[in-house]
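Asker:
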Amino acid sequence: MRLLSSLFILLIANVLHAQLTIEITQGSDNPFNLGIISQSSIESDSTNIVASIIANDLLRTGDITIISEADPGNISEEDLPFTFWKLMKLDFIAITNLQRDSDITLKLDYKIYDVSKAKLVRESTVFGVPNQLRQLSHYAADGIYETVTGIKGIATTKLIYVVEQNSFQGKNYKLMLADADGANEQMLLKSDQPIISPAWSRDSKEVAYVSFETGVAAVYIQ
């Protein structure tokens, strides 16, 4: 039986305030072993970027280990080397293929095979544009993760958080937005007054936060 990622939450409190600190100390005790084979008909830089993002997304979950030696070279999808993969103790193989869909769009086909069953278990395609390779890769990573673990992935989700900075002029506060891996960071708001308790709306289209811009605490929505 596979164990989910362990999440340990430490609550540190004193008489003045309570601070919640979340530490992810380890992943699964028995992660799935996944091999990723990247194929492409376009420039290698884009292929390498996509392969790296997908691998990092999956490794970050703690539930999957990437086996880099899974590609024996010159494989044929009509005669896949399942015996070789079983000897490597692989659970799944993902074969990705980045292609140009049109003059302005790309498509990433990916197939996932269950090694023990020697069987194709998922075949999907995601579409994107060349300057949005991260988004394309995140969607593929979530599809692979869900197929392997049975749990929806979070690579395509966003983070909101507050950054406090000190300068000669005093403190300033920034409400930030980023991808789940911390990339594509954007500033939503900058203020010389504290910003606290950012929260998503249920449809993830709006962000609520508490600010002291008027001198008293008030809830704002973007």
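Heads up: the sequence shown begins at 45 in the numbering used here, then just goes up one per residue.
Think of the CB as a built atom: it goes at the ideal place given N, C-alpha and C, for glycine as much as any other residue.
Can you tell me where the beta strand (DSSP E) with Gly79 in it begins and where it stops?
Answerer: Here the beta strand (DSSP E) through Gly79 covers 76 to 84.
Asker: With distances taken Cα to Cα, identify the nearest neighbour of Ser168 among Asn175, Gln179, Arg178, Ile156.
Answerer: That would be Ile156, whose Cα lies nearest to the Cα of Ser168.
Asker: Taking the alpha helix (DSSP H) that Ile119 falls in, what are its first and last residues?
Answerer: Taken as a continuous stretch (DSSP letters only), Ile119 belongs to no alpha helix (DSSP H), as it is neither H nor E.
Asker: Mind checking whether Thr191 and Ala224 have CB atoms under 9 Å apart?
Answerer: No.
Asker: For Phe136, count the other beta carbons within 10 Å of its own beta carbon; 16 or more makes it buried, fewer makes it exposed. Which is it?
Answerer: Phe136 comes out buried.
Asker: Counting beta carbon pairs with one atom in the segment 158 to 168 and one in the segment 103 to 111, are three or more of them shorter than 8 Å?
Answerer: No: fewer than three Cβ pairs fall under 8 Å.
Asker: Could you tell me which residues DSSP pairs with Tyr189 in its beta bridges?
Answerer: Per DSSP, none; premise fails for Tyr189.
Asker: What is the DSSP secondary structure of Leu177, reduced to helix, strand or coil?
Answerer: Correct three-state label for Leu177: helix.
Asker: Please state if the CB of Leu203 and the CB of Leu180 are separated by a distance shorter than 9 Å.
Answerer: Contact flag unset, no.
Asker: Got a sec, what are the start and stop residues for the alpha helix (DSSP H) Thr127 sits in?
Answerer: First-last of the alpha helix (DSSP H) with Thr127: 126 to 131.
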